[in-house]
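Chains as they are written, first to last, in this note's numbering: chain A, 1 to 520; chain B, 521 to 590.
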């Protein structure tokens with residue numbers, strides 16, 4: 001058992017490490033691809049060579065990030081096969097199909113059009129080059145889309161039937177998988193968040209140029225484009241973020257409760273605007289906060305658009321308790337009952353295996369029917385107590401609030417930046433504003449990473465919501481081997497990050513000493 | 521020049537005239553070698569594909585694993 005915990009924890013840590021490093025590169029690729037395409041559009045429409053050179057400057061930074069980030073996601077697929085073999089088999093083609101489509105279509109689309117972007121200047125027509133830049137921007141979004149669909153399915157498994165003979169989930173409705181509300185929200189939320197990072201990255205680099213008093217007009221023009229992309233992105237991020245929270249309340253209510261540190265829900269539930277959890281919050285469920293500033297009825301209103309609605313807390317969900325609009329307390333299925341149903345499925349699976357060995361077709365069918373009957377609660381059969389279904393509350397709570405604060409800060413900065421860029425450009429040169437611009441880059445990355453921490457930690461213990469907890473998904477491998485590869489990845493990815501930052505800084509520094517607008 | 525020749529020329533000229541791209545390609549190649557020739561080969565076997573010969577026995581192994589007490 002201790003070995004199992006060791007393998008699960010180290011494998012989770014390893015996956016978190018590689019996914020978080022991967023997400024340093026991906027959103028910048030998506031964001032910069034759009035900005036580069038917009039800048040090139042300005043060049044093609046105006047015919048102004050200055051914009052061509054500005055486009056090339058940002059395109060090179062896009063290229064550096066693309067080159068360093070490309071294939072970092074492959075590591076995650078290695079981990080599926082080695083560390084998470086039960087999971088990999090169990091998800092079947094539902095996970096494999098989107099990843100395969102991503103690999104074949106989007107990667108080759110990117111690879112083709114990225115080549116035209118970089119090698120095609122003066123070799124293909126302006127229109128074709130511009131089309132390639134836009135198709136690259138679309139291609140990187142499509143890449144992300146398939147991965148996010150696969151991730152969304154883990155959070156909200158739909159569009160499939162479980163086959164106990166194959167021990168796999170078989171997709172029976174592609175559109176239910178691809179267009180599930182979780183997938184749609186997740187895709188637009190992640191892409192919009194990437195536009196924010198792209199916009200803020202342009203703001204940060206341009207602010208550095210202005211601090212150094214180099215290429216000031218190029219920096220100002222770049223900020224005009226970057227800030228608008230960033231502002232549109234942050235507004236879309238807020239909108240889709242709200243949509244995500246509403247969907248989470250429906251399909252992962254435990255995550256919603258954890259991200260608010262809410263143990264005992266109530267009618268007219270407030271939302272924590274700022275707060276600190278008690279270290280042992282679960283022991284004082286009536287008052288888990290050490291300190292908090294609440295917005296009365298805020299959570300009820302945000303989730304249900306009704307300030308008097310009931311939002312369940314962690315303990316309500318465990319007990320299956322809810323309060324109706326009429327004020328009656330009603331009990332549905334408790335987690336203990338779900339655990340019993342999950343256990344039935346496990347037993348039925350064992351029966352199926354025995355019947356298969358003896359070739360007893362009738363017993364196999366009976367066992368398969370028993371599996372299908374309670375399959376929705378399969379994962380609960382692995383929990384030792386109902387409390388095992390509660391995610392790490394502190395990490396979920398702080399990740400959510402850090403994401404919201406960083407997002408709020410970016411909204412403010414981008415609003416001001418758009419105003420300055422288009423109407424008061426002299427303020428862009430102020431030292432204090434340049435410092436804010438540079439620091440905002442870190443805020444954008446923190447915001448995105450915190451969002452993913454919330455999404456993935458908040459859904460624990462599930463690797464597939466309600467169907468498979470992490471401890472059932474794991475392979476029978478040695479913790480020491482996972483520890484070793486954890487440190488290898490830490491080393492390799494840190495080296496890649498250092499390489500990216502140093503190549504970028506060198507390029508920015510070198511380019512800034514020339515006239516970017518004329519390329520001399 | 522035929523279309524294929526023009527496409528080939530685009531890539532050949534592009535690679536030949538690279539500046540910063542050379543170090544990026546070096547980085548990509550080193551990275552892929554580390555990923556596939558070292559990490560994947562030495563540390564990340566596909567557990568089910570390695571230990572079982574066919575899909576039926578892999579399914580049996582997963583069923584056994586998921587239905588037994590852990």
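Ideal placement from N, C-alpha and C gives every residue a C-beta, glycine not left out.
Assuming residue i is part of the alpha helix (DSSP H), what are its boundary residues?
{"i": "residue 484 of chain A", "result": "479 to 512"}
{"i": "residue 422 of chain A", "result": "393 to 423"}
{"i": "residue 448 of chain A", "result": "431 to 457"}
{"i": "residue 97 of chain A", "result": "93 to 101"}
{"i": "residue 353 of chain A", "result": "335 to 358"}
{"i": "residue 64 of chain A", "result": "49 to 69"}
{"i": "residue 185 of chain A", "result": "181 to 211"}
{"i": "residue 303 of chain A", "result": "298 to 304"}
Roughly how many whole angstroms lie between the Cα atoms of residue i and residue j?
{"i": "residue 80 of chain A", "j": "residue 569 of chain B", "result": "12 Å"}
{"i": "residue 293 of chain A", "j": "residue 400 of chain A", "result": "15 Å"}
{"i": "residue 100 of chain A", "j": "residue 109 of chain A", "result": "14 Å"}
{"i": "residue 171 of chain A", "j": "residue 161 of chain A", "result": "7 Å"}
{"i": "residue 531 of chain B", "j": "residue 84 of chain A", "result": "40 Å"}
{"i": "residue 210 of chain A", "j": "residue 396 of chain A", "result": "38 Å"}
{"i": "residue 225 of chain A", "j": "residue 46 of chain A", "result": "15 Å"}
{"i": "residue 143 of chain A", "j": "residue 190 of chain A", "result": "12 Å"}
{"i": "residue 199 of chain A", "j": "residue 164 of chain A", "result": "48 Å"}
{"i": "residue 24 of chain A", "j": "residue 7 of chain A", "result": "26 Å"}
{"i": "residue 127 of chain A", "j": "residue 537 of chain B", "result": "23 Å"}
{"i": "residue 388 of chain A", "j": "residue 405 of chain A", "result": "29 Å"}
{"i": "residue 334 of chain A", "j": "residue 314 of chain A", "result": "12 Å"}
{"i": "residue 279 of chain A", "j": "residue 51 of chain A", "result": "54 Å"}
{"i": "residue 437 of chain A", "j": "residue 265 of chain A", "result": "40 Å"}
{"i": "residue 338 of chain A", "j": "residue 432 of chain A", "result": "56 Å"}
{"i": "residue 68 of chain A", "j": "residue 15 of chain A", "result": "19 Å"}
{"i": "residue 340 of chain A", "j": "residue 358 of chain A", "result": "27 Å"}
{"i": "residue 276 of chain A", "j": "residue 300 of chain A", "result": "21 Å"}
{"i": "residue 202 of chain A", "j": "residue 540 of chain B", "result": "20 Å"}
{"i": "residue 169 of chain A", "j": "residue 459 of chain A", "result": "20 Å"}
{"i": "residue 71 of chain A", "j": "residue 470 of chain A", "result": "25 Å"}
{"i": "residue 148 of chain A", "j": "residue 520 of chain A", "result": "42 Å"}
{"i": "residue 307 of chain A", "j": "residue 270 of chain A", "result": "9 Å"}
{"i": "residue 467 of chain A", "j": "residue 424 of chain A", "result": "55 Å"}
{"i": "residue 236 of chain A", "j": "residue 447 of chain A", "result": "14 Å"}
{"i": "residue 297 of chain A", "j": "residue 246 of chain A", "result": "15 Å"}
{"i": "residue 39 of chain A", "j": "residue 426 of chain A", "result": "22 Å"}
{"i": "residue 156 of chain A", "j": "residue 205 of chain A", "result": "39 Å"}
{"i": "residue 218 of chain A", "j": "residue 124 of chain A", "result": "26 Å"}
{"i": "residue 17 of chain A", "j": "residue 488 of chain A", "result": "11 Å"}
Please classify residue i as buried or exposed, where buried requires at least 16 other C-beta atoms within 10 Å of its C-beta.
{"i": "residue 221 of chain A", "result": "buried"}
{"i": "residue 274 of chain A", "result": "exposed"}
{"i": "residue 146 of chain A", "result": "buried"}
{"i": "residue 362 of chain A", "result": "exposed"}
{"i": "residue 422 of chain A", "result": "exposed"}
{"i": "residue 449 of chain A", "result": "buried"}
{"i": "residue 584 of chain B", "result": "exposed"}
{"i": "residue 578 of chain B", "result": "buried"}
{"i": "residue 49 of chain A", "result": "exposed"}
Can you tell me where the beta strand (DSSP E) holding residue i begins and where it ends?
{"i": "residue 294 of chain A", "result": "289 to 295"}
{"i": "residue 139 of chain A", "result": "Where residue 139 of chain A is concerned, there is no enclosing beta strand (DSSP E), although the alpha helix (DSSP H) it sits in stretches over 126 to 155."}
{"i": "residue 330 of chain A", "result": "329 to 331"}
{"i": "residue 163 of chain A", "result": "160 to 163"}
{"i": "residue 375 of chain A", "result": "Looking at the DSSP string, residue 375 of chain A is not in any beta strand (DSSP E), and its letter there is neither H nor E."}
{"i": "residue 275 of chain A", "result": "271 to 277"}
Give the C-beta separation of residue i and residue j to the nearest angstrom, bearing in mind that I take them to be a contact with Cβ-Cβ under 8 Å.
{"i": "residue 559 of chain B", "j": "residue 78 of chain A", "result": "7 Å"}
{"i": "residue 564 of chain B", "j": "residue 82 of chain A", "result": "4 Å"}
{"i": "residue 197 of chain A", "j": "residue 27 of chain A", "result": "4 Å"}
{"i": "residue 140 of chain A", "j": "residue 33 of chain A", "result": "5 Å"}
{"i": "residue 151 of chain A", "j": "residue 243 of chain A", "result": "Not quite, the Cβ-Cβ distance comes to about 16 Å (not below 8 Å), so this is no contact."}
{"i": "residue 500 of chain A", "j": "residue 65 of chain A", "result": "7 Å"}
{"i": "residue 344 of chain A", "j": "residue 368 of chain A", "result": "So it is not a contact: roughly 13 Å between Cβ atoms."}
{"i": "residue 86 of chain A", "j": "residue 474 of chain A", "result": "7 Å"}
Does residue i have its Cβ less than 7 Å from a Cβ in chain D?
{"i": "residue 143 of chain A", "result": "Given the protein chain composition of this structure (A and B), no chain D is represented."}
Under 6 Å from any heavy atom of the ligand FAD, does the C-beta of residue i make it?
{"i": "residue 474 of chain A", "result": "You won't find the ligand FAD in this model; it holds no ligand whatsoever."}
Scan the region 569 to 581 of chain B for residues whose Cβ lies nearer than 8 Å to a Cβ of chain A and list them as they occur along the chain. Taken in chain order, the members of the region 569 to 581 of chain B whose beta-carbon sits within less than 8 Å of a beta-carbon on chain A are 569, 575, 578, 579, 580.
For the region 52 to 74 of chain A, list every residue whose C-beta sits within 9 Å of some C-beta in chain B, in sequence order. Taking 9 Å as the upper bound on Cβ-Cβ separation, chain B lies near residues 60, 63, 64, 66, 67, 68, 70, 71, 72, 74 of the region 52 to 74 of chain A.
Contact list for the region 158 to 177 of chain A against chain B, Cβ threshold 8 Å: Result list: 164, 165, 166, 167, 168.
Residues of the region 110 to 133 of chain A with Cβ closer than 8 Å to any Cβ of chain B, in chain order: Going along the region 110 to 133 of chain A in chain order, one finds 115, 116, 118, 119, 120, 123, 124 with a Cβ nearer than 8 Å to chain B.
Tell me which residues of the region 549 to 560 of chain B have at least one Cβ-Cβ distance to chain A shorter than 7 Å, keeping chain order. Within the region 549 to 560 of chain B, the residues whose Cβ lies closer than 7 Å to some Cβ of chain A are 551, 552, 554, 555, 559, 560, listed in chain order.
Which residues, in chain order, does the region 327 to 353 of chain A contribute to contact with chain B at a C-beta distance below 8 Å? Residues of the region 327 to 353 of chain A with a C-beta less than 8 Å from any C-beta of chain B: 346, 347, 349, 350, 352, 353, listed in chain order.
The region 471 to 483 of chain A: which residues have C-beta closer than 8 Å to a C-beta of chain B, in chain order? For chain B, the residues of the region 471 to 483 of chain A that bring a beta carbon within less than 8 Å of one of its beta carbons are 471, 472, 475, 476, 477, 481, in chain order.
Along the region 492 to 512 of chain A, where does the CB come closer than 8 Å to a CB of chain B? Name the residues. Interface annotation for the region 492 to 512 of chain A against chain B: 492, 496, 499, 503, 507, criterion Cβ-Cβ distance under 8 Å.
Positions along the region 84 to 110 of chain A whose CB lies within less than 7 Å of some CB in chain B: Correct list: 85, 86, 89, 90.
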